[in-house]
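A short write-up of the structure that comes next.
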Amino acid sequence: MVNTKRLLPLLLLLLAFGGFVVFVILPTPSSFSPSSLEFYALGTFIRLQAWGKQAPKALEEAQKTVEDVERRFSRFSPLSDAGTLEQKAGQEEHPFSEESLFLFSKALEYAQRTEGAFDPTLGALTRLWGIGTPEERLPSEEEIQEALTTVGHKDLQVFPERGTAMLARKGQIPDFGGIAKGYAGDQVRDILKSHGISQGLINMGGNITVLGNKPGGAPWKIGIQNPLEPRGAFLGILSLSGTSVVTSGNYERYFEEEGIRYHHILDPRTGYPASQELLSVTVVCEDALEGDALATGLYVLGLSEGMELVENLEGVEALFVTSDRRVLGTSGIPKIFMLTQGSFTFETGR
Ligand code: AMP
Ligand code: MG
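For what it's worth, our numbering labels the leading residue of the sequence shown as -4, then goes sequentially.
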């Protein structure tokens, strides 16, 4: 039974103030608390937040898609498309789905753009080092040289017109670990948008994509990890709307032996972890896939070459953090970045 005595004061209030009260009581859609979903996939903790009526359904669909990306591109599963590429290497072209061919083509495109610094065919090296797995170890020089002979992005052959792809040489092993999270982030963003969601936050480890502005209209504030401090300590803040931010760094996965840090971003030219002149590279651009491939590739290229490459790319900005505590931004960074950690300096250019 409805208690009319209790409702009476509210009804009188509504009558007295008419629509105004209704306006104040009913929150605007953007101020509803978000729906959120957290799960583990692609080797990282994933947190999705979205505002809007369709959000719960959209997030559920997003999780399935991320898990599907993991199944298709995991370098640990022989049943994945990565596993198939490895098994068919040097033998024959194999048919793949349009989405997988898209990822292969993109991986190849960024390998070319970074002149091989980003290389999706370095799987033999990743496996040898095993960084971030229980098998991680410092391999011998001979092992590294042998694995290096199987690396070469030009051997990833994609034939969209025939719907096939292959690795040209026997023994070659693909690794999409430097790009799959970004690809998945874009998929999630597109799913949220297709459900009419215009505000959301996609956080996949070092990869973040924001939809629109924060509820209330202000840009999102994204903290940039201080590579010298524990996770969650920031060195500065980016203010962003509707874009992706991807960071690659030497602090994400590594082991240490005799005081030397061996981290997970490998230089395809030497077979060893890339030089640690840089502690991290953060890329700001629309698509997380582009940000992901570039962040990994730029880390390998290093400050000077990396900066030059980004300044020649449309719609891409980057922040380089060096081991001597400098933060260097491309020309569009000062407008959106604030340094908050006094032990670093900030400048633009090289
Ligand atoms: P990210 O965290 O995006 O920089 O990606 C690092 C992961 O990508 C590693 O764990 C490897 O699986 C793979 N990877 C390492 N070095 C490279 C490289 N130079 N090019 C492409 N992928 C790489
Ligand atoms: Mg990457």
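Glycine included, every Cβ here is placed at the ideal spot set by N, Cα and C.
The three-state secondary structure of Q44, taken from DSSP, is strand. The alpha-carbon separation between K216 and I331 amounts to approximately 10 Å.
Rounded to the nearest angstrom, the gap between the Cα atoms of G78 and F68 is 8 Å. In this structure, the alpha-carbon of T39 lies about 27 Å from that of R320.
In this structure, G111 lies near P263, with their beta-carbon atoms less than 8 Å apart. Residue pairing for K216: DSSP places it in a beta bridge opposite S234. Per the DSSP secondary-structure output, Y257 pairs in a beta bridge with F250. A direct Cα-Cα distance of roughly 36 Å separates V295 from E55. The continuous beta strand (DSSP E) containing T159 extends over residues T159 to L162. Inter-segment contact for the stretch 311 to 330 and the stretch 196 to 206 is absent: fewer than three beta-carbon pairs are separated by less than 8 Å.
A contact is defined here as three or more CB-CB pairs under 8 Å, and the stretch 250 to 257 fails this definition with respect to the stretch 272 to 292.
In the three-state reduction of the DSSP assignment, G180 falls in the helix class, which pools H, G and I.
A distance of 8 Å or more separates the beta carbons of I197 and T60. Contact check for A84 and R164: beta-carbon distance about 6 Å, within the 8 Å limit, so the pair qualifies. Here R184 is buried, its C-beta having at least 16 other C-beta atoms within 10 Å. Around the C-beta of G337, fewer than 16 other C-beta atoms lie within 10 Å, and the residue is accordingly described as exposed.
Residue pairing by DSSP places A313 opposite V278 in a beta bridge.
Under the DSSP definition of a beta bridge, Y35 partners with F40. Between I41 and E33, the alpha-carbon positions lie close to 6 Å from each other.
Assigned with DSSP and collapsed to three states, P51 falls in helix. DSSP places G125 outside any alpha helix (DSSP H), giving it a letter other than H or E. Within the DSSP bridge table, the entry for I197 names L43 and T204 as partners. In this structure, DSSP gives G324 an extended state, which the three-state scheme calls strand. By alpha-carbon distance to T291, the top candidate from P115, E137, K188 and P134 is P115. Of the other Cβ atoms in all chains shown, 16 or more fall within 10 Å of the Cβ of G173; this residue is therefore buried. The C-alpha of R157 lies about 22 Å from the C-alpha of Q167. Straight-line spacing of the CA atoms in L37 and D181 works out to 14 Å.
The continuous alpha helix (DSSP H) containing L98 extends over residues E93 to R108.
Between G237 and V276 a beta carbon distance of about 22 Å is seen, past the 8 Å cut, so the two are scored as non-contacting.
With a 10 Å radius around the Cβ and a threshold of 16 neighbouring Cβ atoms, N221 comes out buried. Distance from the C-beta of G173 to the nearest heavy atom of the ligand MG is below 7 Å. Taking the Cβ of E65 as the reference point, every heavy atom of the ligand AMP lies at 7 Å or farther away. Counting along the chain, the unbroken alpha helix (DSSP H) around V305 starts and ends at L298 to E306. Around F91, the same chain offers D76, T79, F99, G158, T159 and A160 as residues with beta carbons nearer than 8 Å, after the five sequence neighbours per side are excluded. The alpha-carbon of L133 is positioned some 47 Å away from that of I192. By the Cβ-count criterion, S135 is exposed, with fewer than 16 other Cβ atoms from all chains shown falling within 10 Å of its own Cβ.
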